[in-house]
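Have a look at the structure below before the remarks.
In the working numbering, the protein residues as written are 38 to 327.
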């Protein structure tokens, strides 16, 4: 059985009359890569800020490695949180920021950080204020990976990066995770291209947990069923329907259900088409208000 990394119980955060998190209960295991998914304003960043002790919850509890993380230097020293925006001093050079980061994380690998800077083309003598948005993201990636923290959290890590550099990041993270197993939580809106990196996803909507599932299981449960309306309606009866539309004479239904042999037999008919739902589309359906 995997060791529990992080566990929350009825976690709630209010900002005045606005409830950002409501009774949020989740359990994450050690040495996994988690995708933390939700629309803007869903409560993702609030959750990450609470986990990293940047803010305090209104109610509920958070345990990391079985301990209360608030005001625990031992626990906080094991967490590297790279938020969407960092308040680095603009006049500091990249190399100075890396040296400062090394003071916070006992396992920080400066040689690996230098290798990453070279690989991603980040000039270490540049001042932070001279970096483009993309290179700001690369600096966060370098610190997060080189920290080798027991829990590394990235909030929108690839902002401003082109497709080739994003792919380089995904491959680098997987390689370093394989060589140095630890836990990652990654919040991103680029779901389709990053989904293969995740072992498990946590989907949040309006401050509440929608789903927590291994990615393989998530994909297996999500299918499009299309064909003539009468045939589709008959096949999907009793299944969890999350979307439907009609295009001409064809009806298309999106289902999200555990499909045993009996259910699959209903769907695999000659007059029906059965196809996977892209993860991005599935996310939209599961977090839609419709």
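Virtual Cβ for every residue (Gly too), placed ideally from N, Cα, C.
Proximity test, Cβ basis, 8 Å: residue i and chain C
| i | result |
| --- | --- |
| residue 121 | Reference to chain C is not applicable here, since this structure consists of a single protein chain. |
Per-residue DSSP class, three states only, for residue i
| i | result |
| --- | --- |
| residue 112 | helix |
| residue 149 | helix |
| residue 123 | coil |
| residue 117 | strand |
| residue 322 | helix |
| residue 266 | helix |
| residue 141 | helix |
| residue 38 | In this prediction, residue 38 has a pLDDT of 43, which is less than 50 and means its spatial position is unreliable; nothing more can be read from the coordinates. |
| residue 73 | strand |
| residue 250 | strand |
| residue 157 | helix |
7 Å CB neighbourhood of residue i in its chain, flanking five on each side removed
| i | result |
| --- | --- |
| residue 317 | 228, 229 |
| residue 177 | 119, 123, 194 |
Cutoff 6 Å; reference residue i; Cβ partners in own chain excluding five residues on either side
| i | result |
| --- | --- |
| residue 38 | Bear in mind that a pLDDT of 43 at residue 38, under 50, signals an unreliable position, so the number given afterwards is only what the model happens to contain. Hits under 6 Å: none found. |
| residue 308 | 264, 268 |
| residue 219 | 187 |
| residue 281 | 290 |
The beta strand (DSSP E) enclosing residue i, as first and last residue numbers
| i | result |
| --- | --- |
| residue 177 | Element bounds for residue 177: not the beta strand (DSSP E) but the alpha helix (DSSP H), 170-184. |
| residue 46 | 41-52 |
| residue 276 | Element bounds for residue 276: n/a, residue is neither H nor E. |
| residue 56 | 55-66 |
| residue 100 | 96-101 |
| residue 239 | 237-242 |
The alpha helix (DSSP H) enclosing residue i, as first and last residue numbers
| i | result |
| --- | --- |
| residue 231 | 228-231 |
| residue 85 | 81-88 |
Chain-order list of residues whose beta-carbon lies under 8 Å from that of residue i (same chain, five-residue window excluded)
| i | result |
| --- | --- |
| residue 320 | 74, 228, 240 |
| residue 137 | 129 |
Tell me whether the stretch 233-247 and the stretch 257-267 touch, counting them as touching only if at least three CB pairs, one residue from each stretch, are closer than 8 Å. Short answer: they don't touch.
Check whether the stretch 214-231 and the stretch 73-87 are in contact - that is, three or more C-beta pairs closer than 8 Å. yes
Check whether the stretch 153-165 and the stretch 105-121 touch, using three or more Cβ-Cβ pairs below 8 Å as the test. Counting Cβ pairs under 8 Å, fewer than three are found: no touch.
I want to know whether the stretch 58-67 touches the stretch 238-250 - three or more CB-CB distances under 8 Å. yes
List, from N- to C-terminal side, the beta strand (DSSP E) runs of 3 residues or more that fit wholly inside the stretch 289-317. Runs found: 309-313.
Is the stretch 177-195 touching the stretch 131-150 in the sense that three or more CB pairs, one from each, lie closer than 8 Å? Between the stretch 131-150 and the stretch 177-195 there are three or more inter-stretch CB-CB distances shorter than 8 Å, so the stretches are counted as touching.
Inside the stretch 197-226 only - beta strand (DSSP E) runs reaching at least 3 residues: 220-224
Would the stretch 45-56 and the stretch 92-107 be scored as touching if the rule is three or more Cβ pairs under 8 Å? yes
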